[in-house]
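In this note's numbering, the protein residues as written are 41 to 621. Positions of the beta carbon are idealized from the N, C-alpha and C atoms, including for glycine. In this text the structure is predicted, and so the values were computed from the model without any measurement.
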Amino acid sequence: MTFRIFSLNCKLNTSLLMRVFLAGICFSSLEVAALTPCPSTEITSGVTVTTTCYVSSGTFTVDAGGGIIALNGFVISGNTDTLNNGGVISASNIGVFVINSGIATLNNSGTISASSYGIYLNSLASSIGTLNNTGTIGGTYGIYNRGGTIGTLNNLQGASSSALTYTGALPTNYNIIINGSSNYGQLTATHGSGSIAFNIYGNTGTTLVLGVNASVISANRYLNVLQGFSSLSGVTGTTGTYSSYRYSLVADAILADSWDLLTYLSGPSTADTQASLVNTSSALQSSITLQNTVLVNGFTYDCAVFDKNGICLSAGGRNTTVSAGSINNTSGLLIGSYRLDANNSRVGLSLDQNFSTSMPGGTIKQSNNTPMVGVFGVWQENLDTTGWQAKLSAGMGQKDTTIQRTIVGTSEPGVGSATMISQGAQAMGKYGFAVMDDVMVLPYAGVRYTRNNMGGYTEATSSTVTAPLTMNKVNTNSSAVLIGVEGKYKVMPDVTVLASGGVERNMSTNYDNYIATSSTITGLTPISMNPNMVRTRPTASLGAYYDVQKNQRLGINAIYRQEIYQAVGTTTVMATYTIGL
Numbered sequence: 041m042t043f044r045i046f047s048l049n050c051k052l053n054t055s056l057l058m059r060v061f062l063a064g065i066c067f068s069s070l071e072v073a074a075l076t077p078c079p080s081t082e083i084t085s086g087v088t089v090t091t092t093c094y095v096s097s098g099t100f101t102v103d104a105g106g107g108i109i110a111l112n113g114f115v116i117s118g119n120t121d122t123l124n125n126g127g128v129i130s131a132s133n134i135g136v137f138v139i140n141s142g143i144a145t146l147n148n149s150g151t152i153s154a155s156s157y158g159i160y161l162n163s164l165a166s167s168i169g170t171l172n173n174t175g176t177i178g179g180t181y182g183i184y185n186r187g188g189t190i191g192t193l194n195n196l197q198g199a200s201s202s203a204l205t206y207t208g209a210l211p212t213n214y215n216i217i218i219n220g221s222s223n224y225g226q227l228t229a230t231h232g233s234g235s236i237a238f239n240i241y242g243n244t245g246t247t248l249v250l251g252v253n254a255s256v257i258s259a260n261r262y263l264n265v266l267q268g269f270s271s272l273s274g275v276t277g278t279t280g281t282y283s284s285y286r287y288s289l290v291a292d293a294i295l296a297d298s299w300d301l302l303t304y305l306s307g308p309s310t311a312d313t314q315a316s317l318v319n320t321s322s323a324l325q326s327s328i329t330l331q332n333t334v335l336v337n338g339f340t341y342d343c344a345v346f347d348k349n350g351i352c353l354s355a356g357g358r359n360t361t362v363s364a365g366s367i368n369n370t371s372g373l374l375i376g377s378y379r380l381d382a383n384n385s386r387v388g389l390s391l392d393q394n395f396s397t398s399m400p401g402g403t404i405k406q407s408n409n410t411p412m413v414g415v416f417g418v419w420q421e422n423l424d425t426t427g428w429q430a431k432l433s434a435g436m437g438q439k440d441t442t443i444q445r446t447i448v449g450t451s452e453p454g455v456g457s458a459t460m461i462s463q464g465a466q467a468m469g470k471y472g473f474a475v476m477d478d479v480m481v482l483p484y485a486g487v488r489y490t491r492n493n494m495g496g497y498t499e500a501t502s503s504t505v506t507a508p509l510t511m512n513k514v515n516t517n518s519s520a521v522l523i524g525v526e527g528k529y530k531v532m533p534d535v536t537v538l539a540s541g542g543v544e545r546n547m548s549t550n551y552d553n554y555i556a557t558s559s560t561i562t563g564l565t566p567i568s569m570n571p572n573m574v575r576t577r578p579t580a581s582l583g584a585y586y587d588v589q590k591n592q593r594l595g596i597n598a599i600y601r602q603e604i605y606q607a608v609g610t611t612t613v614m615a616t617y618t619i620g621l
């Protein structure tokens, strides 16, 4: 054998980064020492090889009781028929180094452990026909295919130990081996290139390997079977059948760029689908809460700073959080009003335009296309807000809403779209009286009516949704009485602090159930949208404003509301700049 490697300078007894770099270039050099042929065609128990040996043809076997320790466990320098490892290949650099040559079959039921790469194909001329891995292959990457070819990779390594790590050109065919709900293959690719055909080992299109039984599966969700794939655009075989089961690759609910294998019989089970609907209804409750809160807070919008033309303009921003689901919503505000007479009667218009809405979990997504629109009219007895005051407010908003069901067990990630419309009106009366020169108290009472309607829809059929559901419309409406008291304290001539506290009590409430029907899934039951209604609820606010000039005001206000849903509260903070014209 005349092939030589750079054996002296490539021991790679250096940093991990340097080992990874050198591994790609050292072994294509022609240098000092000739490779040593492996001592026999089989390594049995107790054998340790302290230098790299090469295999060039035939079959080479490391028995279960045998092992090899070397700089590189094996260098494959010819067209080798088969390399079998049932023992331990422990290398200080590369376990199996396929250099400008090929292996017809590599069977690993033992351990291939290396500091750089467990298996390394150095060039386009390197290939492995079939790689059967029922053991462990480890290193910085378990497999580094630097442009070569791996025809078929059958893999069991993963869930019961650690995933098989891979970088470079992907295998042409990847077959996951499944031996149980917690013993199945996982492949983690980093900088993977090319396309890959996915299948379950033992299925049509795969070839059984002697000693490796066909996969045994059940209705299950096998987690993170493919990792490091931002999409499945380069993966074929993402759906199919195996024995009496159907399967599909679906996005993992937690880990980004990761895909689960969902297996099921004739379709998703009723129990899992029902559980999925319960989760989705909870997310929908939070979404309805957000819309209703924005609507109700809009009833407080006002613009009361005027100048000689009797016009008031106010601009600002609003942030609302919903405790359930950790929803966060940010909007811009534009409010205007016109004074009708000297008693400060006024009418106005408000626009609340969403900028962003964060709804963790991805179940509900809402567009920012249209603003919430409000109108109001105010009459007050005196300009200084003492005496009687009355305010009428109304508002309406519309949101295009996309709902994707959460996955529970065998349930499917069904997706559909509907329009959510929120509308309502409020009448409020106050009486203001001064208890001190700088302190004013304003008891209030009022009534409110709100409704939120979401249209029905049918989920779209896709590669991951084979049993789409049809969802009925969901309508909610309620009327409530409001009582409370506001307070104003003029801290200094230009600064006033505001506070309020009150109670809301529902007079009537109607909530439709969340109902799903399916032509293939039977036994689905309606879900109550508000089984533990909170009929009497506290509300409070705290704010201040600063009169920059006679006709200009900077204000901030925070509002807390206990919502009609059990254990759901909302907090809103608004800041505005107002100018009178």
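| request: Whole angstroms is fine: what's the gap from Asn148's alpha carbon to Thr501's? | output: The sequence position of residue 148 within the sequence shown is 108, counting from 1. The sequence position of residue 501 within the sequence shown is 461, counting from 1. Cα to Cα, the separation comes out at about 41 Å.
Suppose you measure from the CA of Val256 to the CA of Ala104; what does that come to, to the nearest Å? In the sequence shown, the residue the question calls residue 256 occupies position 216. In the sequence shown, the residue the question calls residue 104 occupies position 64. Rounded to whole angstroms, Val256 to Ala104 spans 25 Å at the Cα level.
Quiz item: CB Asn384 to CB Thr360, shorter than 9 Å?
Solution: One-based indexing of the sequence shown puts residue 384 at position 344. One-based indexing of the sequence shown puts residue 360 at position 320. Contact: no.
Tell me the rounded alpha-carbon separation between Ala144 and Met399. In the sequence shown, counting from the first residue as 1, residue 144 sits at position 104. In the sequence shown, counting from the first residue as 1, residue 399 sits at position 359. Near 52 Å, if we compare the C-alpha coordinates of Met399 and Ala144.
TODO: Return the chain-ordered ranges of every beta strand (DSSP E) run that is complete within the segment 401 to 428 and spans a minimum of 3 residues.
DONE: As far as the segment 401 to 428 is concerned, its whole beta strand (DSSP E) runs of at least 3 residues are 404 to 406, 412 to 420.
Checklist entry - Using the C-alpha atoms, what's the distance from Ile134 back to Ser163? => result Here residue 163 corresponds to residue number 123 of the sequence shown, with the count starting at 1. Here residue 134 corresponds to residue number 94 of the sequence shown, with the count starting at 1. Cα atoms of Ser163 and Ile134: separation of roughly 15 Å, rounded to the nearest angstrom.
| query | Skipping 5 residues on each side, what residues in its chain have a beta carbon closer than 8 Å to that of Ala291? | reply | One-based indexing of the sequence shown puts residue 291 at position 251. Counting only Cβ-Cβ distances below 8 Å, and skipping sequence neighbours, we find Ser298, Trp299, Asp300, Pro453.
**Message:** I'd like to confirm the pairing. Which residues does DSSP put opposite Ile561 in its beta bridges?
**Reply:** Position 521 of the sequence shown, counted from the start, is the residue given in the question as residue 561. Per DSSP, Ile561 has no beta bridge partner at all.
Exercise for the section: Would you mind stating whether Tyr624 and Ile183 have Cβ atoms separated by less than 9 Å? Expected result: Past the boundaries of the shown model lies residue 624; the chain is included only from 41 to 621, so the question cannot be answered.
Near Ala76, which residues of its chain fall below 8 Å by C-beta distance, leaving aside the five closest residues on each side in sequence? In the sequence shown, residue 76 corresponds to position 36, counting from 1. With the sequence shown as reference, residue 76 is identified as Thr, and Ala is not the correct amino acid for it. Same-chain partners within the cutoff: Thr91, Thr92, Cys93, Tyr94.
Practice task
Pick out whichever of Leu295, Ser271, Thr174 has its Cα sitting closest to the Cα of Ile152.
Solution key: What you label residue 152 is simply residue 112 of the sequence shown in a count that begins at 1. The residue with the shortest Cα to Cα distance from Ile152 is Thr174.
For Ile109 versus Gly142, is the C-beta spacing smaller than 9 Å? Your numbering for residue 109 matches position 69 in the sequence shown. Your numbering for residue 142 matches position 102 in the sequence shown. Taking 9 Å as the Cβ cut-off, Ile109 and Gly142 do not qualify as a contacting pair.
For the beta strand (DSSP E) that Thr212 lies in, which residues bound it at each end? As a working note, residue 212 is residue 172 in the sequence shown. For Thr212, there is no enclosing beta strand (DSSP E), as DSSP marks it with neither H nor E.
Worksheet item: On the three-pair Cβ rule with 8 Å, is the segment 343 to 353 touching the segment 320 to 334?
Response: Judged by Cβ distances under 8 Å, the segment 343 to 353 makes no contact with the segment 320 to 334, as fewer than three pairs qualify.
TODO: Could you tell me if Ile240 is buried or exposed, where buried requires 16 or more neighbouring beta carbons within 10 angstroms of its beta carbon?
DONE: As a first step, residue 240 is located in the sequence shown; it is residue number 200 there, counting from the start. Burial check for Ile240: the Cβ neighbour count within 10 Å reaches 16 or more, so the residue is buried.
Top-ranked residue by Cα proximity to Gly435, from Leu538, Ala467, Tyr282, Ile217: The sequence position of residue 435 within the sequence shown is 395, counting from 1. Nearest of Leu538, Ala467, Tyr282, Ile217 to Gly435, Cα basis: Ala467.
Counting C-beta neighbours from all protein chains within 10 Å, is the total for Ala131 16 or more, i.e. buried, or is it exposed? Against the sequence shown, residue 131 aligns to sequence position 91. Classification for Ala131: buried.
**Asked** How big is the Cα-Cα spacing for Gly225 and Ala311?
**Response** Here residue 225 refers to the residue found at position 185 of the sequence shown. Here residue 311 refers to the residue found at position 271 of the sequence shown. Going from the Cα of Gly225 to the Cα of Ala311 covers about 27 Å.
Q. Given Ser576, which residues of its chain have a CB within under 8 Å of its CB, disregarding the five upstream and five downstream residues?
A. The residue you call residue 576 lines up with position 536 of the sequence shown. Just to set this straight, residue 576 is Thr in the shown sequence, not Ser. If we look at Thr576 and ignore the five residues flanking it on each side, its Cβ neighbours are Val543, Glu544, Arg545, Asn546.
Hey, how far is the Cα of Ser559 from the Cα of Ala229?
-> Here residue 559 refers to the residue found at position 519 when the sequence shown is read from its first residue. Here residue 229 refers to the residue found at position 189 when the sequence shown is read from its first residue. Distance between the alpha carbons of Ser559 and Ala229 is about 39 Å.
Rounded C-alpha distance that separates Asp440 from Gly280: Taking the first residue of the sequence shown as 1, we reach residue 440 at position 400. Taking the first residue of the sequence shown as 1, we reach residue 280 at position 240. Taking the CA atoms as reference points, Asp440 sits about 34 Å from Gly280.
- Task: Return helix, strand or coil for Ile328, following the three-state DSSP convention.
- Result: As a position in the sequence shown, residue 328 is number 288, starting the count at 1. Helix, per DSSP.
request  = Return yes when the Cβ of Thr340 is within less than 9 Å of the Cβ of Ser221, no when it is not.
outcome  = Numbered from 1 along the sequence shown, position 181 holds the residue referred to as residue 221. Numbered from 1 along the sequence shown, position 300 holds the residue referred to as residue 340. At the C-beta level, Ser221 and Thr340 stay beyond 9 Å of one another.
Query raised in the report: So which of Ser326, Phe238, Ser451, Gln429 has the shortest CA-CA distance to Gly401?
Result: One-based indexing of the sequence shown puts residue 401 at position 361. Minimum Cα-Cα distance from Gly401 among the listed residues Ser326, Phe238, Ser451, Gln429 corresponds to Ser326.
Rounded to the nearest angstrom, what separates Pro533 and Lys590 at their Cα positions? The residue you call residue 533 lines up with position 493 of the sequence shown. The residue you call residue 590 lines up with position 550 of the sequence shown. Using only the alpha carbons, I get a separation of about 11 Å.
Open item on the list: Less than 9 Å between the C-beta atoms of Asn553 and Ser568, yes or no?
Closed with: Walking along the sequence shown from the start, residue 553 turns up at place 513. Walking along the sequence shown from the start, residue 568 turns up at place 528. Yes, these two residues count as a Cβ contact at 9 Å.
(message) If we define contact as Cβ-Cβ less than 9 Å, is Leu594 a contact residue for chain D?
(response) No chain D appears in the structure shown, which is made up of a single protein chain.
- Query: For the segment 363 to 372 against the segment 416 to 423, are there 3 or more C-beta pairs whose distance is under 8 Å?
  - Reply: They do not touch, by the three-pair rule.
**Asked** Do you know offhand how far Lys528's Cα is from Ala507's?
**Response** The sequence position of residue 528 within the sequence shown is 488, counting from 1. The sequence position of residue 507 within the sequence shown is 467, counting from 1. The C-alpha of Ala507 is placed about 59 Å away from the C-alpha of Lys528.
- Which residues bound the beta strand (DSSP E) around Lys513? Sequence index remark: in the sequence shown, residue 513 carries index 473 (1-based). Annotation for Lys513: no beta strand (DSSP E) segment contains it, and DSSP assigns it neither H nor E.
Val318 to Asn409 span [Cα, whole Å] = If you number the sequence shown from 1, residue 318 lands on position 278. If you number the sequence shown from 1, residue 409 lands on position 369. Looking at the two C-alpha atoms, the distance is approximately 29 Å.
(Q) Does Leu335 come out as helix, strand or coil in the three-state DSSP assignment? (A) In the sequence shown, counting from the first residue as 1, residue 335 sits at position 295. In the three-state reduction of the DSSP assignment, Leu335 falls in the helix class, which pools H, G and I.
For Gln606, count the other beta carbons within 10 Å of its own beta carbon; 16 or more makes it buried, fewer makes it exposed. Which is it?
Position 566 of the sequence shown, counted from the start, is the residue given in the question as residue 606. With fewer than 16 other Cβ atoms within 10 Å, it is exposed.
Practice item. Kindly indicate which residue of Val574, Ile599, Arg601, Tyr617 has the alpha-carbon position closest to the one of Val588. Key: Start at 1 with the first residue of the sequence shown, and residue 588 comes out as number 548. For Val588, the nearest C-alpha among the options comes from Tyr617.
### Query
Shortest alpha-carbon distance to Asp381 belongs to which of Gly456, Asn264, Phe346?
Reading the sequence shown from its first residue, position 341 is the one you call residue 381. Taking only the C-alpha atoms, the option nearest Asp381 is Phe346.
Item to complete: Please list, in chain order, all residues of the same chain as Thr459 whose beta carbon is under 8 Å from its beta carbon, the five residues on each side excluded.
Response: In the sequence shown, counting from the first residue as 1, residue 459 sits at position 419. Gln438, Lys439, Asp440, Thr441, Met494, Gly495.
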